[in-house]
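Notes for the one structure printed next.
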Amino acid sequence: MRRLRNALVRLVAGAAVGALAGFAVAQAAPPATAAASNGSAVTVAGRGEFKDMRFTVDQTTHLTSQAVTVSWSGGTPTTFAGTRFNTDFVQIMQCWGDDDGTVPSNPGPPRTQCQFGGSPVTGRDNWPGNDRDDTRQITYNADPTNYGDDDRYGAGNPFGQGEVPFKSVDGTVVTSDTQNNQFFSRNTTNEVDFARTGADGRGHEYVEVQTANEAPHLGCGIPVTHNGVTRPRSCWLVIVPQGHLDLDGKPYADQSQVNAGSPVSSTNWHNRIAIPLHFNAVGTNCALGSEERPTIGSELAADAMTSWQTALCPAGRVYGYTQLGEPDARQRIGTDGTNGLAFTTRALGSDEGTTAPPGTTTYAPVALSGAVIGFTIERRPKAGAPDSVRKLAGTMVDSIDLTPRLVAKLLTESYRNSPWGAVLGDKTAAGYGWAKSNPAGLASDPEFIALNPEFAELSVAETPATDTDLLTAAGHSDSARALWQWVLSDKDARQFLAGVSDDWGMRVNPFYSTNVDLNPSGAAFDPTRTDNYPKNDRWCTVPPGTGAPKEALQCMTDFHPYVTDMHDAALRTRRTDTLWKSTWDALADPPTYKSPGPQTVGSRFVITVTDAASATRFGLQTAKLRNAAGAFVAPTTASLSAAASGASGSGVAEINPDKVTQKGAYPLAQLVYAAVRPGEIDASARKDYAALLRYAAGAGQIGGADPGRLPAGYAPLSQRLRARTDRAADALVHYTGHSSHEGGSDGGTAGGTGDLGGSDETTGDGATTGGTGDGTAAPAGADASATPSGAPSYGGGKALQTTALGTTPADPANALRYAVPVGAALGAVAAVGAPFAGGSRLRLPLRVPLPGGRTVTVVPAVTLPERLRKLLPPGRD
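For reference, each letter of the sequence shown is one residue, going -28 to -1, 1 to 849 in mature numbering (1 follows the signal peptide of the UniProt record, and there is no 0).
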């Protein structure tokens, strides 16, 4: 009965997760290509009090779900009333609709159609707003005398109190309680409530722009038809500067209280600056009903593949893409080659306990990217910090240096405040004496400060939500494996994991010790066999200060929740939302922990493991990592390429962090290969996959924000690697070996591919395994496509043209109205079936396909417990 009960509990939990993921399906159609700043920057001047200010948005076309940089100059430094923003700050929001005609010299949208006012309703004790400047609340005045007054809304209400309504793109209007509206909240809004202007009159902010996937109520990027022409819906980025003068032109009389009002009040709205945003089309660009060639595998290929898909569809070739951890992708294509094409950084059979499948496997390099440590950190000077530091308060830290040992400390939950509540003042929980003398978090670690001395003058609230751990993705991946390899490449890090304290006395969390005599689990932690981010510490407690009952325990996966994948990690880090539900809500039914939402502006600190493309897409700063040559290197096009030039190993050449010895090489760079088993697919499929490879090696290596180009965060492949991909494409087309679909004689075997860093060889060129016996030796002199050094293209190309378009009528018959219930139902059904799919190790993460080839995770990668495996039918272990 106990086994059955446990199985049922797992099924119910799986169904719940699946239902939530189904909701995500409803909200997440496939994003278009990742975009970079592309020469579409726009600068607009302010008016009136702000006439000397200039506001620049660094990218305004070919937008997708990403971040853009908003910068300004010529302003007056921000002042504060206590800890609250008082005068001369900037507020930013995203809006939809036609020009409202209020500022003829600067067309812009109606204020009722702007996503603003999602600030917290409760827990505002430390919030830097005053219930007016970060909400839609106004005071009616037919003849306004103060900023924040409104000459339209609030008339007839007691004391003229009112709110500016919000109108969704579907026509729904919210007229009251707008902070609790059904469209956006503190956890989902992209509004910037407060952005500081520095002592030099300058400021900048990274702003997440949202497509209709993330903000359906804005509808940005949805194809709409106007006068017979269909284009993606454009939107607006609106900037509202708050100053220090009142409507009469005189300075605010009272400097002791916040004087700003809501930016969407009629008075403040006169000062708004509007800049059009032009989006790539949201949704699939492929013809419905077309035959789809599946591809699966590495997240490192996700942004590139999403871009390439849109360019290949018009040619009649449709390629689906399902993101899977590389170990799972290798297993799937190794056991069932009909999965088509898998993106991987290692050869099939390279995982422990696996062997290369029989027959020919073709490998082709298609992308060069890597894992990065991304972060959002704002400077919060300590009391008594020098003026030079205080002047930088609230500004972003642009770069940090990290060693393998510092990252090992984060990955192993070894900082004192990582097991939250284990050390409280002089009280230390049993078994946690090791933590008492350890630094509270990264920012106070002497090793970190020695490399990043400015942190000696900065204050960080070192909690599970800041610098005591890395925000990491669930599941198994080659990126996680590479990160652990990099850690182990360093002698100091290896000794730390073995239990040797660092030079300042910090010790490893014993649950991660590689010394079996120190590890309380009774087994040594083995990072050489680790390709995920385990949370080994078993600490559970009621978080101190929450007032939660004693049975409401939180454990390490609560303090440090996993995110879905590296893309999600980058987005959460941009939003500074670590997902920790740190506040006890006794009034909820039932009472529960809830999330406080994103961190408070001015003291934000989130650090994560993500990929270079996602970090670039969401405007994250990235750490410089120490390589084997002792140099601290950031992930750039040059440093990724330098690392790739040293790739080595038989079969599929890999970038080994231990062998990245060039001073300018980035240690976590990774080459992504397309792997195809030609004997398991028919000639038509081989031809289509060859076309994908040729595109990836040609136009797909030219950088740009156009659909079809190589997104920022990737380095173009060298001419030599691209030539090998072309040879692999030829080998697929001309394959004459055994095919399970077409019959024929026994085919080739899995021969070596050679060293990508070495010389070309006739049968070991890195392009295909099976250089003997299959009758299809790759041509040695195959020509490459256009070189990736060509000028990047940002004109829209032949795949898409993106232009502005205004308001369109609501469409109550739109199929999206059914997306939430259908998506949730599909997610629940998928989750119920998930525990019984696959073998002894479930092929997870389980993902639900989305239109256009993208997918969403339903269940993360897990291993089926022995007690549950015993419940399965014979042979299904």
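By construction, the Cβ of each residue, glycine as well, lies at the ideal position given by its N, Cα and C atoms. Remember, it's a predicted structure, so these values are computed and weren't measured experimentally.
Assuming residue i and residue j make a contact with CB atoms under 8 Å, what is their CB distance in whole Å?
{"i": "L217", "j": "Q66", "result": "In fact, because the Cβ distance is near 27 Å, the residues do not count as touching under 8 Å."}
{"i": "I305", "j": "R649", "result": "7 Å"}
{"i": "G120", "j": "S237", "result": "5 Å"}
{"i": "S37", "j": "Q182", "result": "6 Å"}
{"i": "S45", "j": "R26", "result": "5 Å"}
{"i": "R576", "j": "T348", "result": "6 Å"}
{"i": "A328", "j": "V644", "result": "Between V644 and A328 the Cβ distance is about 19 Å, and since that is not below 8 Å, they are no contact."}
{"i": "F57", "j": "P235", "result": "That pair is no contact at about 12 Å."}
Return the first residue and the last residue of the beta strand (DSSP E) that residue i is part of.
{"i": "L597", "result": "596 to 598"}
{"i": "N58", "result": "56 to 59"}
{"i": "D557", "result": "555 to 557"}
{"i": "T307", "result": "Unbroken run through T307 is the alpha helix (DSSP H), 298 to 307; no beta strand (DSSP E)."}
{"i": "Y293", "result": "290 to 295"}
{"i": "W44", "result": "38 to 45"}
{"i": "L209", "result": "207 to 214"}
Relative to the C-alpha of residue i, which candidate in the options has its C-alpha closest?
{"i": "T608", "options": "D103, S620, P688, S322", "result": "P688"}
{"i": "A276", "options": "T588, A328, N159", "result": "T588"}
{"i": "T500", "options": "A314, A412, L455", "result": "L455"}
{"i": "P492", "options": "D698, G403, D373", "result": "G403"}
{"i": "T548", "options": "T438, A496, F604", "result": "T438"}
{"i": "I579", "options": "L460, L704, I372", "result": "I372"}
{"i": "P223", "options": "V93, I245, A412, E21", "result": "E21"}
{"i": "A273", "options": "W511, I110, A343", "result": "A343"}
{"i": "G675", "options": "A127, W280, S43", "result": "W280"}
{"i": "Q457", "options": "K631, L249, Q691, V14", "result": "K631"}
{"i": "R510", "options": "E385, T55, Q154, Q642", "result": "E385"}
{"i": "A603", "options": "P376, G569, A445", "result": "P376"}
{"i": "A293", "options": "D300, F315, T440, T555", "result": "According to the sequence provided, residue 293 is Tyr. The question's Ala does not apply to it. That would be F315, whose Cα lies nearest to the Cα of Y293."}
{"i": "A600", "options": "D583, G618, G221", "result": "G618"}
{"i": "S341", "options": "T169, S270, D359", "result": "S270"}
{"i": "R19", "options": "R244, V141, R174", "result": "R244"}
{"i": "A647", "options": "F131, Y534, E298, T144", "result": "E298"}
{"i": "L592", "options": "A541, P568, G54", "result": "A541"}
For residue i, is the classification buried or exposed, using 16 other Cβ atoms within 10 angstroms of its Cβ as the cut-off for buried?
{"i": "R351", "result": "buried"}
{"i": "G447", "result": "buried"}
{"i": "L396", "result": "exposed"}
{"i": "F61", "result": "buried"}
{"i": "E177", "result": "buried"}
{"i": "L572", "result": "Here residue 572 is Thr; the residue named in the question, Leu, does not match the sequence. Per the 10 Å Cβ criterion, buried."}
{"i": "T59", "result": "buried"}
{"i": "V290", "result": "buried"}
{"i": "A114", "result": "exposed"}
{"i": "E419", "result": "buried"}
{"i": "S711", "result": "buried"}
{"i": "K507", "result": "buried"}
What span of residues does the alpha helix (DSSP H) with residue i cover, start to end?
{"i": "residue 853", "result": "Coverage of the chain is limited to positions -28 through 849, which leaves residue 853 absent and any answer about it impossible."}
{"i": "I421", "result": "418 to 423"}
{"i": "residue 865", "result": "Within the shown structure, residues of the chain are numbered from -28 to 849, placing residue 865 beyond reach of any answer."}
{"i": "A662", "result": "655 to 669"}
{"i": "F531", "result": "528 to 531"}
{"i": "H539", "result": "538 to 547"}
{"i": "L460", "result": "450 to 460"}
{"i": "P376", "result": "376 to 383"}
{"i": "K182", "result": "Contrary to the premise, residue 182 reads as Gln rather than Lys in this sequence. Note, Q182: premise wrong, no alpha helix (DSSP H); not H, not E."}
{"i": "R466", "result": "463 to 470"}
{"i": "V29", "result": "Element bounds for V29: not the alpha helix (DSSP H) but the beta strand (DSSP E), 26 to 29."}
Note to self: For the structure I just gave you, are there three or more beta carbon pairs, one from the stretch 191 to 202 and one from the stretch 603 to 617, closer than 8 Å?
What the structure shows: Using a C-beta cut-off of 8 Å, the stretch 191 to 202 makes no contact with the stretch 603 to 617, since fewer than three inter-stretch Cβ pairs fall below that distance.
Next item on the list: Flag this pair as touching only if the stretch 487 to 499 and the stretch 523 to 533 have three or more C-beta atom pairs under 8 Å; answer yes or no.
Entry: Verdict: no, contact absent.
Check: Can you find at least 3 beta carbon pairs, one from the stretch 185 to 195 and one from the stretch 228 to 237, that sit closer than 8 Å?
Finding: No: fewer than three Cβ pairs fall under 8 Å.
Next item on the list: Would you check if the stretch 327 to 337 and the stretch 163 to 182 touch, i.e. whether three or more CB-CB distances between them fall below 8 Å?
Entry: At 8 Å Cβ cutoff, the stretches do not touch.
Margin query: With three or more C-beta pairs closer than 8 Å as the rule, is the stretch 673 to 687 touching the stretch 276 to 291?
Written below: Two segments are said to touch when three or more pairs of C-beta atoms, one from each, lie closer than 8 Å; by this definition the stretch 276 to 291 touches the stretch 673 to 687.
Notebook entry, point to check: Within the chosen definition, does the stretch 248 to 257 reach the stretch 168 to 186 through at least 3 CB pairs nearer than 8 Å?
Noted result: Yes: the two stretches touch, three or more of their Cβ pairs being nearer than 8 Å.
Notebook entry, point to check: Below 8 Å, can you find three or more Cβ-Cβ pairs linking the stretch 656 to 665 to the stretch 630 to 639?
Noted result: The stretch 656 to 665 vs the stretch 630 to 639: no contact.
Item checked: Segment contact, 8 Å Cβ cut-off, at least three pairs: the stretch 380 to 387 with the stretch 468 to 481 -> Between the stretch 380 to 387 and the stretch 468 to 481, the count of C-beta pairs closer than 8 Å reaches three or more; the two stretches touch.
Check: Quick check: the stretch 624 to 631 against the stretch 424 to 433, are there 3 or more CB pairs under 8 Å?
Finding: Cβ pair count under 8 Å is below three, so no.
Notebook entry, point to check: Counting Cβ pairs closer than 8 Å, one from the stretch 314 to 334 and one from the stretch 695 to 709, do we hit at least three?
Noted result: The answer is yes - the stretch 695 to 709 touches the stretch 314 to 334, with three or more Cβ pairs under 8 Å.
Next item on the list: Indicate whether the contact test is met: 3 or more Cβ pairs, each with one atom in the stretch 315 to 328 and one in the stretch 663 to 675, closer than 8 Å.
Entry: Touching, no.
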